[in-house]
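**Student:** Encoded as structure tokens, here's the structure I'll be asking about.
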DNA sequence: CCGGAAATGCACGATACTTGCGCCAAAGGA
DNA sequence: TCCTTTGGCGCAAGTATCGTGCATTTCCGG
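Protein chains in written order, with the numbering used here: chain B, 581 to 733; chain E, 581 to 733.
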């Protein structure tokens, strides 16, 4: 699939507002609503648009704390990764988890209601995990930008 | 605004699929479509749902590289933060930026097409910034989980 | 200059959303 | 106990939005 400037405009607009009407989209990208509909369908079909998600307000839901945790695992036994992946999958406080190159083995993006809930997660769940060797936390003080998605040009 | 179990079910479902039809939502949460519509509107009105966003496939768009960068700034002059905030705002490769407690001053979530584009960003943009004192990168090797949003219970 | 494939806009049938309405169940007062 | 009020619910009608067939235009390649 090859993307032209219309597609890029459409994708950019839909990242900002995925509930946009085809008519509004049409106005924004200078195309007819029907063409927007068709291009949208094609982009979804091609898997460029994976889906749509509601963005929720963490503040209004009482989730005041966000943190980035770097984790090192001990040992190198096989099954070590699968084991940690299961741990990640089973803990909804972990919103994102990446295996990374460099100093740490994994980086986790954590959401919690408050510092107590966060400390609880660290001390009752993460640290007791048998393969976790080291944990270093950075708590988010201020969000300068949080766009998710991808910048297209 | 107070949320009951229906609201939580609706929010959870809409985080997974924000383009869901009210009828589908109704079936999933055991409510009528009209009530789903009303509750949805109320949640949007209250700001609990901030909006909707299209999720794009980084892979299909040729954005193969993701990295987490920890940055330390030099000095403590006032205006230092505003300056760095402007830098962040002006660089679309930076998808998220957080000021954090702990070892680093800022954590950045970076997306780039490939290692070259990433290196270019580091050496031509980030490192030359006058207030950047130290930069430590971790490149994402594998994504175990990437949900964004918030887990409700 | 011409032919054809691809893309576009229009119009209309189909689908989904929204809201007025009557109903019901729970809480509180007489 | 009985009545009233209040809030939430489903149904159904009216309205907005979507998706597609079709004729037209645009853009290349020959």
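Cβ coordinates follow ideal geometry from the N, Cα and C atoms, glycine included.
The structure presented is a predicted model; accordingly, all values stated were derived computationally and were not measured.
I'd like to know whether the C-beta of residue 721(B) is nearer than 7 Å to at least one C-beta of chain E.
**Tutor:** As a working note, residue 721(B) is residue 141 in the first chain. Yes, because at least one Cβ of chain E sits closer than 7 Å to the Cβ of residue 721(B).
**Student:** DSSP has residue 620(E) in a bridge; who is on the other side?
**Tutor:** Along the second chain, read from residue 1 onward, the residue named residue 620(E) stands at position 40. Paired residue(s): none; residue 620(E) is not in a bridge.
**Student:** Quick one: which chain B residues come within Cβ less than 9 Å of residue 618(E)?
**Tutor:** One-based indexing of the second chain puts residue 618(E) at position 38. Per Cβ cutoff of 9 Å: no residues; residue 618(E) is ~16 Å from chain B at best.
**Student:** Quick one: does residue 586(B) have its CB under 7 Å from some CB of chain E?
**Tutor:** Within the first chain, numbered from 1, the residue matching residue 586(B) stands at position 6. Not an interface residue.
**Student:** Give the DSSP-derived three-state secondary structure of residue 636(B) in the structure shown.
**Tutor:** Position 56 of the first chain holds residue 636(B). The answer is strand: DSSP assigns residue 636(B) an E or B state.
**Student:** Could one say the Cβ of residue 672(E) lies closer than 7 Å to chain B's Cβ atoms, at least one of them?
**Tutor:** The sequence position of residue 672(E) within the second chain is 92, counting from 1. Interface residue, yes.
**Student:** Taking the alpha-carbon positions, what's the residue 731(B) to residue 712(B) distance?
**Tutor:** Within the first chain, the letter at position 151 stands for residue 731(B). Within the first chain, the letter at position 132 stands for residue 712(B). Distance between the alpha carbons of residue 731(B) and residue 712(B) is about 35 Å.
**Student:** Do you know how far the Cα of residue 591(B) is from the Cα of residue 634(E)?
**Tutor:** What you label residue 634(E) is simply residue 54 of the second chain in a count that begins at 1. What you label residue 591(B) is simply residue 11 of the first chain in a count that begins at 1. Roughly 8 Å between the two C-alpha positions.
**Student:** Output needed for residue 677(E): all residues of its chain with C-beta closer than 7 Å, excluding positions within five of it in sequence on either side, in chain order.
**Tutor:** Start at 1 with the first residue of the second chain, and residue 677(E) comes out as number 97. So the list reads 668, 686 and 688, once near-sequence residues are dropped.
**Student:** Just checking my contact of residue 615(E) with residue 593(E) at CB under 8 Å: how many whole Å lie between their CB atoms?
**Tutor:** Sequence index remark: in the second chain, residue 615(E) carries index 35 (1-based). Sequence index remark: in the second chain, residue 593(E) carries index 13 (1-based). The Cβ separation is near 14 Å, so there is no contact.
**Student:** Rank 617(B), 597(B), 656(B) and 595(B) by C-alpha distance to the C-alpha of residue 603(B) and give the top, closest one.
**Tutor:** Mapped onto the first chain, residue 603(B) falls at position 23. Out of 617(B), 597(B), 656(B) and 595(B), 617(B) has the C-alpha closest to the C-alpha of residue 603(B).
**Student:** Among 654(E), 680(E) and 699(E), which has the Cα closest to the Cα of residue 673(E)?
**Tutor:** Taking the first residue of the second chain as 1, we reach residue 673(E) at position 93. Closest by alpha carbon: 699(E).
**Student:** May I ask which residues mark the beginning and end of the beta strand (DSSP E) holding residue 604(E)?
**Tutor:** Position 24 of the second chain, counted from the start, is the residue given in the question as residue 604(E). Residue 604(E) -> not in any beta strand (DSSP E); alpha helix (DSSP H) instead, spanning 602-609.
**Student:** Using 7 Å as the limit for Cβ to Cβ distance, is residue 718(E) near chain B?
**Tutor:** The sequence position of residue 718(E) within the second chain is 138, counting from 1. Chain B, which has a Cβ nearer than 7 Å to the Cβ of residue 718(E), makes this yes.
**Student:** Among 710(E), 693(E) and 723(E), which has the Cα closest to the Cα of residue 657(E)?
**Tutor:** The residue you call residue 657(E) lines up with position 77 of the second chain. The option with the nearest alpha carbon to residue 657(E) is 710(E).
**Student:** Establish whether the CB of residue 690(B) and some CB of chain E are separated by less than 7 Å.
**Tutor:** By 1-based counting over the first chain, the position of residue 690(B) is 110. With 7 Å as the cut-off, residue 690(B) does not count as an interface residue toward chain E.
**Student:** Considering only their Cβ atoms, is the gap separating residue 647(B) from residue 581(B) smaller than 7 Å?
**Tutor:** Residue numbering aside, residue 581(B) sits at position 1 when the first chain is read from its first letter. Residue numbering aside, residue 647(B) sits at position 67 when the first chain is read from its first letter. Result no, Cβ atoms of residue 581(B) and residue 647(B) do not sit closer than 7 Å.
**Student:** Can you pull the chain E residues whose beta carbon is under 9 Å from the beta carbon of residue 595(B), in chain order?
**Tutor:** If you number the first chain from 1, residue 595(B) lands on position 15. Per Cβ cutoff of 9 Å: 633, 634, 635 and 636.
**Student:** Say whether chain B places a C-beta atom closer than 7 Å to the C-beta of residue 697(E).
**Tutor:** Here residue 697(E) refers to the residue found at position 117 when the second chain is read from its first residue. For residue 697(E), the answer is no, since every Cβ of chain B falls outside 7 Å of its Cβ.
**Student:** If I follow the unbroken beta strand (DSSP E) through residue 574(B), where does it start and stop?
**Tutor:** Here chain B comprises residues numbered 581 to 733, so residue 574(B) is not present and cannot be evaluated.
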